[in-house]
Amino acid sequence: MNKKYSTTYRIKTIEALEQSKKLDFENIIPIKPYSKISNKKLEELSFLLNERILPILISQFGNNYRGASCINFSAALYAWLNALNCDAEIVFGEVEIFHTDEFDVTLENLTHEYKNNIRSGVQNVHAWVTIGDDIIIDACLPDRIFKYYKVPQLPNIFVTRAYIMAERWKSKYKPMLIGSDFINKTNNFNPIDAIPQIQSMINKWMTSEINSQ
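Here the working numbering is used: the first residue of the sequence shown is 180, the next is one more, and so on.
Rendered as C-alpha cells:
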C-alpha cells in the first residue's frame with residue numbers, strides 16, 4: 180500500500196494542533212503525530228476496543244445506527260483510553276469518502292461555534308480519536324460507509340492508519356481542530372469529567388477480581 184496519505188494526515192494533524200492552540204484550547208493531551216506507534220501496539224489496542232470497550236459503549240448508547248453519533252462515541256472512547264493511561268485526543272474535521280466530502284465542515288464554522296459557545300442546532304463536523312502517529316480510531320464511520328456506499332465486511336470500529344483508510348476504505352480524514360475543549364464549549368458535557376469516573380469503575384472491577392481469587 181502507498182503510505183503517502185499518512186504523511187498528509189500527519190501534516191494536517193500538526194496544523195490542527197496549531198489552530199487549537201491559537202483558540203486557547205486548555206486541555207490538549209500531548210499526542211505526537213511523528214512518534215511511531217508499532218503495529219503490535221495497534222493490534223493490542225484494536226482487541227481492547229473491540230472486545231472490551233465497544234460492548235460497554237453499545238450498552239450505554241444502544242446498538243442503533245452510529246453514523247450520526249460521532250461526538251458521543253468519540254468523547255467516550257477518549258475518556259476510556261485516557262482512564263486506561265493511554266494518551267488519546269479527539270479530532271474534529273472532515274472525511275472524504277469516495278471523493279465526496281461527507282460533513283460540509285469548514286475551519287471557519289468550527290471556530291465560530293467554539294468562540295461563540297454555540298450549543299444548539301446541527302453540528303457539521305465529524306469527530307474521531309487518535310493516539311498519535313497516523314492512527315485513526317472511529318466507531319461511527321463504518322455505519323455511515325455501509326449505509327451510503329454499501330461497502331460490505333466493515334469492522335465494528337476502525338482502529339487503523341490514515342493511509343489504510345485512504346487505500347482500503349477510500350476515506351481520507353482531514354483534521355481541523357484537536358482537543359476535548361471543543362466539545363466542552365459546543366455541547367452540554369465535558370469529556371474530561373468522565374475520566375475519573377471510569378478510573379473509579381476500573382478500580383472497583385480490579386478490586387472485585389482480586390477479592391474473588
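For every residue, glycine included, the Cβ atom is placed at its ideal position computed from N, Cα and C.
Please report the distance separating the alpha-carbon of Trp259 from that of Tyr342.
Locating residue 259 in the sequence shown gives position 80, where the first residue counts as 1. Locating residue 342 in the sequence shown gives position 163, where the first residue counts as 1. Spanning the two alpha carbons is a distance of roughly 25 Å.
Could you give the DSSP three-state label for Phe252: helix, strand or coil?
Stepping through the sequence shown from its first residue, residue 252 is reached at position 73. Of the three classes helix, strand and coil, the one that applies to Phe252 here is helix, per DSSP.
Give the straight-line distance between the Cα atoms of Asn295 and Leu289, rounded to the nearest whole angstrom.
Translated into the one-based positions of the sequence shown, residue 295 becomes position 116. Translated into the one-based positions of the sequence shown, residue 289 becomes position 110. Using only the alpha carbons, I get a separation of about 10 Å.
Quick check on DSSP: helix, strand or coil for Ser353?
Walking along the sequence shown from the start, residue 353 turns up at place 174. Position check: residue 353 holds Lys in this sequence, whereas Ser was assumed. Three-state DSSP puts Lys353 in a strand.
Evaluate Lys191 with the Cβ neighbour count: other Cβ atoms within 10 Å of its Cβ, from every protein chain shown; 16 or more gives buried, anything less gives exposed.
Residue numbering aside, residue 191 sits at position 12 when the sequence shown is read from its first letter. Per the 10 Å Cβ criterion, buried.
According to the Cβ coordinates, are Glu268 and Lys351 closer than 9 Å?
Your numbering for residue 268 matches position 89 in the sequence shown. Your numbering for residue 351 matches position 172 in the sequence shown. The answer is no: Cβ separation not under 9 Å.
Thinking just about the alpha-carbon of each residue, which of Ser199, Leu263, Trp307 and Ile362 is nearest to the one in Cys249?
Here residue 249 is taken as the residue at index 70 of the sequence shown, counted from 1. Nearest option by C-alpha distance: Trp307.
Nearest to Val338 by alpha carbon, out of Tyr184, Leu224 and Ser214?
The residue labelled residue 338 in the question sits at position 159 within the sequence shown. It is Leu224.
Hey, Arg298 and Ile314 are a contact pair by Cβ (cut 8 Å); roughly how many whole angstroms apart?
Mapped onto the sequence shown, residue 298 falls at position 119. Mapped onto the sequence shown, residue 314 falls at position 135. Not confirmed; about 29 Å, so no contact.
Can you give me the C-alpha to C-alpha distance between Asn251 and Ile232, rounded to a whole angstrom?
Position 72 of the sequence shown, counting from 1, holds the residue named residue 251. Position 53 of the sequence shown, counting from 1, holds the residue named residue 232. If you take the alpha carbons of Asn251 and Ile232, they lie about 14 Å apart.
Assign Gln203 to one of two classes, buried (16 or more other C-beta atoms within 10 Å of its C-beta) or exposed (fewer than that).
Taking the first residue of the sequence shown as position 1, residue 203 is located at position 24. Reading off the sequence, residue 203 comes out as Asp, not Gln. Classification for Asp203: exposed.
Who are Arg340's beta bridge partners in DSSP?
The residue labelled residue 340 in the question sits at position 161 within the sequence shown. The partner list for Arg340 (beta bridge, DSSP) reads Ile314.
Out of Ile371, Lys364, Glu222 and Met355, state which residue places its alpha-carbon closest to the alpha-carbon of Gln198.
To locate residue 198, count along the sequence shown from 1; it is residue 19. The option with the nearest alpha carbon to Gln198 is Met355.
Using the rule of at least 16 other Cβ atoms within 10 Å of the residue's Cβ for burial, across every protein chain shown, is Gln376 buried or exposed?
Within the sequence shown, residue 376 is the residue found at index 197, counting from 1. So Gln376 counts as exposed.
Please name the residue, chosen from Leu256, Gly311 and Pro331, that lies closest to Ser185 on a Cα-to-Cα basis.
Working through the sequence shown from its first residue, we reach residue 185 at position 6. For the residues Leu256, Gly311 and Pro331, the minimum Cα distance to Ser185 belongs to Gly311.
Between Cys265, Asp360 and Ile324, which has its C-alpha nearest Asn206's C-alpha?
Residue mapping note: residue 206 aligns to position 27 of the sequence shown, counting from 1. Of the listed residues, the one whose Cα sits closest to Asn206 is Asp360.
Below 8 Å on the Cβ atoms is my contact criterion, and I expect Leu228 with Ile316 to pass it. Report the Cβ-Cβ distance as a whole number of Å.
As a position in the sequence shown, residue 228 is number 49, starting the count at 1. As a position in the sequence shown, residue 316 is number 137, starting the count at 1. Indeed they touch by this definition, with Cβ atoms about 7 Å apart.
Is Ala345 closer than 9 Å to Gly272 when the C-beta atoms are compared?
Position 93 of the sequence shown, counted from the first residue, corresponds to residue 272. Position 166 of the sequence shown, counted from the first residue, corresponds to residue 345. No.
Are there 16 or more other CB atoms within 10 angstroms of the CB of Ile324, so buried, or fewer, so exposed?
Counting from one through the sequence shown, the residue named residue 324 turns up at place 145. Buried is the call here.
Cβ atoms of Glu287 and Lys364: under 9 Å apart, would you say?
Indexing the sequence shown from 1 puts residue 364 at position 185. Indexing the sequence shown from 1 puts residue 287 at position 108. Cβ distance not < 9 Å, so Lys364 and Glu287 don't count as in contact.
Span of the beta strand (DSSP E) holding Glu142?
In the structure as shown, the chain starts at 180 and stops at 392, and residue 142 therefore has no counterpart that could be examined.
Relative to the C-alpha of Gly394, which candidate in Ala318, Ile208, Lys220 and Asn303 has its C-alpha closest?
Here the chain has residues from 180 to 392 only, and residue 394 is not among them.
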